[in-house]
Amino acid sequence: MDWKSKRIRTLLEGALAEDKAANDITTALTIDPKLRASGTIIAKQACVVSGLGCIPVFLDIFSKMSSQSMGRFEVVSHPEIFDGVKVRAGQPLAVIRHNAAALLSTERVILNLMQRMCGIATLTNQFVMAVAKTKTKVLDTRKTIPGLRMLDKYAVSCGGGVNHRLDLQDGILIKNNHISLGGGLPQVLEKALKGRKGGQTVQVEVRTQTELEQAIAGGAESILLDNMTPAQVKKAVKQIRSALPGVPIEASGNMNLKTVRKYALAGVDFVSVGALTHSAIAVDLSMRITADVY
1 MDWKSKRIRT
11 LLEGALAEDK
21 AANDITTALT
31 IDPKLRASGT
41 IIAKQACVVS
51 GLGCIPVFLD
61 IFSKMSSQSM
71 GRFEVVSHPE
81 IFDGVKVRAG
91 QPLAVIRHNA
101 AALLSTERVI
111 LNLMQRMCGI
121 ATLTNQFVMA
131 VAKTKTKVLD
141 TRKTIPGLRM
151 LDKYAVSCGG
161 GVNHRLDLQD
171 GILIKNNHIS
181 LGGGLPQVLE
191 KALKGRKGGQ
201 TVQVEVRTQT
211 ELEQAIAGGA
221 ESILLDNMTP
231 AQVKKAVKQI
241 RSALPGVPIE
251 ASGNMNLKTV
261 RKYALAGVDF
271 VSVGALTHSA
281 IAVDLSMRIT
291 ADVY
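As structure tokens, then:
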């Protein structure tokens, strides 16, 4: 993750502006503007870490937004703590040494983003562990919070998942609405294969046996088996492997931790899980701030 990129910086700046962090009236009225302090971010539950890089960027942006000089800051993490590592409940993730007002004014925004990212990374890791010792990889989807896709997908990678399409120009995926609006699967598949640019793979989502047969006959280069039972997927995988050896096979549709291994054992190369980003529960983090003169 390039935390210094203009796109990410703009996103984080918007988060601070939304909270009016530079106009924190409570802190302005109650805290000595010259007071220095330390803020320790603590995991209040076991989780997979993601988002540590946002901390210095938030603080740097805040210093430029503030009308007062915030002075220097330092963000310190133990060498064993980094994005993607598993931590236990009560474990410190990072210590921030900075102006006390800056810590108080940015605390909520920093925690909000890290809690979401750690939640996505943790849920992703649970799915990855559920399909352990199979060849199946866990994919994310485009079911992300608008504006946060890059961060959501980075969090997935921290949990051991694999990023699928980043956006609509990142690969060709023919879905059910394309099929129904485009005149049927054979027609849209033919158009996609003829019109795609070099290096672009044409993937087709199939929901029925008829669509599967049409995708195979049309030379689909990747097949997504949508909303099928594990037994149906196993049968479809055998059929695809026989007709189109080497074509990547993906399964999707209401994947959960109880069923995902059954799909993996059915022989697919990938399972795509929208829940990684649309239903991840935020991890409980806190920031303990104490006066610290240095």
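Take 1 as the starting number for the sequence shown in the working numbering and just add one per residue.
The beta carbon of each residue, even a glycine, is placed where N, CA and C say it ideally should be.
No experiment lies behind these values; they were computed from the predicted model shown.
- Following the DSSP letters along the chain, one finds G39 inside the beta strand (DSSP E) bounded by residues 36-43.
- In this structure, the alpha-carbon of L244 lies about 54 Å from that of T40.
- Classified as exposed, R72 has fewer than 16 neighbouring CB atoms from the shown chains inside 10 Å of its CB.
- The residues K137, L139, in chain order, have a CB closer than 6 Å to that of V162 in the same chain once the five nearest residues on each side in sequence are set aside.
- DSSP places I110 inside the alpha helix (DSSP H), whose first and last residues are 100-130.
- If you look at R288, you'll find it in the beta strand (DSSP E) that goes 285-291.
- Between the C-alpha atoms of E18 and L113 there is a straight-line separation of about 13 Å.
- If the five residues before and after V128 are omitted, its C-beta is found closer than 7 Å to the C-beta atoms of V138, G159, G160, G161, all from its own chain and listed in chain order.
- Between V75 and P56, the C-beta gap is smaller than 8 Å, which places the two residues in contact.
- DSSP assignment within the region 16-75 yields the following whole beta strand (DSSP E) runs of 3 residues or more, N-terminal first: 36-43.
- Separation of the CB atoms of F62 and A102 is rounded to 6 Å, and the pair is thereby assigned contact status at 8 Å.
- Beta-bridge partners of F82 (DSSP): none assigned.
- For V260, the enclosing alpha helix (DSSP H) stretches over residues 260-265.
- Here L185 is near Q214, since their CB atoms are less than 8 Å apart.
- Looking at the DSSP output, K137 sits in a beta bridge with F270.
- Sequence-distant partners of G219 (beyond 5 residues in either direction) whose C-beta falls short of 7 Å from its own C-beta, in its chain, are L193.
- CA-to-CA, the gap between L12 and Q232 works out to about 44 Å.
- Every alpha helix (DSSP H) stretch that sits fully inside the region 211-265 and reaches 4 residues is listed by chain position as 230-243, 260-265.
- About 4 Å separates the beta carbons of A280 and G119, which is inside the 8 Å limit, making them a contact pair.
- With fewer than 16 other Cβ atoms inside 10 Å of its own Cβ, D170 counts as exposed.
- Note that the region 249-257 does not touch the region 282-291; fewer than 3 beta-carbon pairs, one per stretch, sit closer than 8 Å.
- Annotated as proximal: A130 and V260, with beta-carbon spacing under 8 Å.
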